[in-house]
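Novice: In case it helps, our numbering puts the sequence shown at residues 276 to 440. Don't be surprised by glycine CBs; every beta carbon is placed ideally from N, CA and C. As the structure is a computational prediction, the values presented were derived from the model and not from experiment. I have a structure here, written as C-alpha cells, and I will follow up with some questions on it.
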Amino acid sequence: MAAMNRIVPGPGQESVWDYPRPPRLEPEKERIRIVFNNVTIADTNKALRLLETSHPPVYYIPPADIKMEYVKRASGSSYCEWKGNATYWTVDVNGKRAERIGWSYERPTPSFLALAHHIAFYCFPMDACYVGDEKAQPQPGNFYGGWVTSKVVGPFKGAPGTMGW
Numbered sequence: 276m277a278a279m280n281r282i283v284p285g286p287g288q289e290s291v292w293d294y295p296r297p298p299r300l301e302p303e304k305e306r307i308r309i310v311f312n313n314v315t316i317a318d319t320n321k322a323l324r325l326l327e328t329s330h331p332p333v334y335y336i337p338p339a340d341i342k343m344e345y346v347k348r349a350s351g352s353s354y355c356e357w358k359g360n361a362t363y364w365t366v367d368v369n370g371k372r373a374e375r376i377g378w379s380y381e382r383p384t385p386s387f388l389a390l391a392h393h394i395a396f397y398c399f400p401m402d403a404c405y406v407g408d409e410k411a412q413p414q415p416g417n418f419y420g421g422w423v424t425s426k427v428v429g430p431f432k433g434a435p436g437t438m439g440w
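Below, the structure written as C-alpha cells:
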C-alpha cells in the first residue's frame with residue numbers, strides 16, 4: 276500500500292501521511308494517562324508527541340509524571356536512525372508484569388534532545404492509554420508504538436504487508 280491510498284482527514288483530524296520524515300517532535304496539548312493493572316502509572320500535561328510519516332503519534336512522558344516505582348530498566352537496546360540508542364523499560368504493578376513495553380533515549384541525537392529521559396509506552400499491554408478523554412488503540416502489529424485515536428487517519432504502518440512502506 277502506498278501513500279496514494281491515504282485516507283482523507285475529516286474536520287479536526289490529521290493524516291499520518293502528512294507527517295514528516297524525518298519525524299517531528301512537538302508538545303502534546305492534551306492530557307496523557309496510562310493505566311496498568313488498575314493503577315495510573317503515568318499522568319501528564321507535559322508529554323511530547325513524535326510524528327512520523329505513516330505512523331500514529333508516539334507519546335513521550337517526562338519521568339516526573341510517571342510513577343517510577345512501577346517502571347524499571349529492562350535489558351537490551353535498539354538504535355533509531357533519527358533519535359539514537361534506545362533504552363527499554365519494564366512495568367510491574369502489584370504482581371502484573373509487562374517486559375520491555377517502554378523505551379527512552381537517554382542521550383538522543385541533537386535534533387531530538389528534548390526527548391532525553393522521557394519514556395514512551397506501547398498501548399497494547401496497558402489497561403488503557405488516554406489522549407485527553409479518549410481511550411487510544413495500539414498501532415497495528417505490536418511492533419511500533421503509536422497510539423491511534425479518532426483524530427488520526429491512516430492507513431497506518433505496522434499491519435501485515437506494511438513493513439516495506
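Since Tyr405 contacts Arg324 with CB under 8 angstroms, what's their CB separation in whole angstroms?
Specialist: Between Arg324 and Tyr405 the Cβ distance is about 14 angstroms, and since that is not below 8 angstroms, they are no contact.
Novice: Have a look at Val428, Tyr419, Val427 and flag the residue whose alpha-carbon is nearest the alpha-carbon of Pro435.
Specialist: Of the listed residues, the one whose Cα sits closest to Pro435 is Tyr419.
Novice: What residue ranges within the stretch 357–385 form continuous beta strand (DSSP E) runs of no fewer than 3 residues, ordered along the chain?
Specialist: Those beta strand (DSSP E) runs which fall completely within the stretch 357–385 and span 3+ residues are 359–368, 371–379.
Novice: Rounding to the nearest angstrom, what Cα-Cα distance links Ser290 and Arg382 in this structure?
Specialist: Rounded to whole angstroms, Ser290 to Arg382 spans 30 angstroms at the Cα level.
Novice: When burial is assigned at 16 or more other CB atoms within 10 Å of the CB, is Met401 buried or exposed?
Specialist: Met401 is buried by the Cβ-count criterion.
Novice: Take Lys347 as the anchor and find which of Trp440, Ile376, Glu305 has the nearest alpha-carbon.
Specialist: It is Ile376.
Novice: Check Phe311 in the structure and name its three-state DSSP category.
Specialist: In the structure shown, Phe311 sits in a strand (DSSP, three-state: E or B).
Novice: Would the stretch 410–417 count as touching the stretch 388–395 if we require 3 or more Cβ pairs under 8 angstroms?
Specialist: No, because fewer than three Cβ pairs between the stretch 410–417 and the stretch 388–395 fall closer than 8 angstroms, the two stretches do not touch.
Novice: What do you reckon, are the CB atoms on Tyr335 and Ser352 nearer than 9 angstroms?
Specialist: Taking 9 angstroms as the Cβ cut-off, Tyr335 and Ser352 do not qualify as a contacting pair.
Novice: Could you please give me the residues that DSSP links to Arg306 through a beta bridge?
Specialist: Paired residue(s): none; Arg306 is not in a bridge.
Novice: Which same chain residues end up closer than 7 angstroms to Pro337 when comparing Cβ atoms and leaving out the 5 residues on each side of it in sequence?
Specialist: Hits under 7 angstroms: Thr319, Lys321, His393.
Novice: Considering just the uninterrupted stretch of the beta strand (DSSP E) at Gly351, what are its terminal residues?
Specialist: Counting along the chain, the beta strand (DSSP E) containing Gly351 begins and ends at 346–355.
Novice: Residues in the same chain with beta-carbon distance under 8 angstroms from Ala361, minus the five sequence neighbours each way, listed in chain order, please.
Specialist: Correct list, in chain order: Ser352, Ser353, Tyr354, Cys355, Trp378, Ser379, Tyr380.
Novice: Between Gln414, Asn369, Val333, which has its C-alpha nearest Arg299's C-alpha?
Specialist: Cα-wise, what sits closest to Arg299 is Val333.
Novice: State yes or no: is the C-beta of Trp357 within less than 9 angstroms of the C-beta of Phe387?
Specialist: Yes, the Cβ-Cβ distance between Trp357 and Phe387 is below 9 angstroms.
Novice: Does DSSP put Pro415 in a helix, in a strand, or in coil?
Specialist: Correct three-state label for Pro415: coil.
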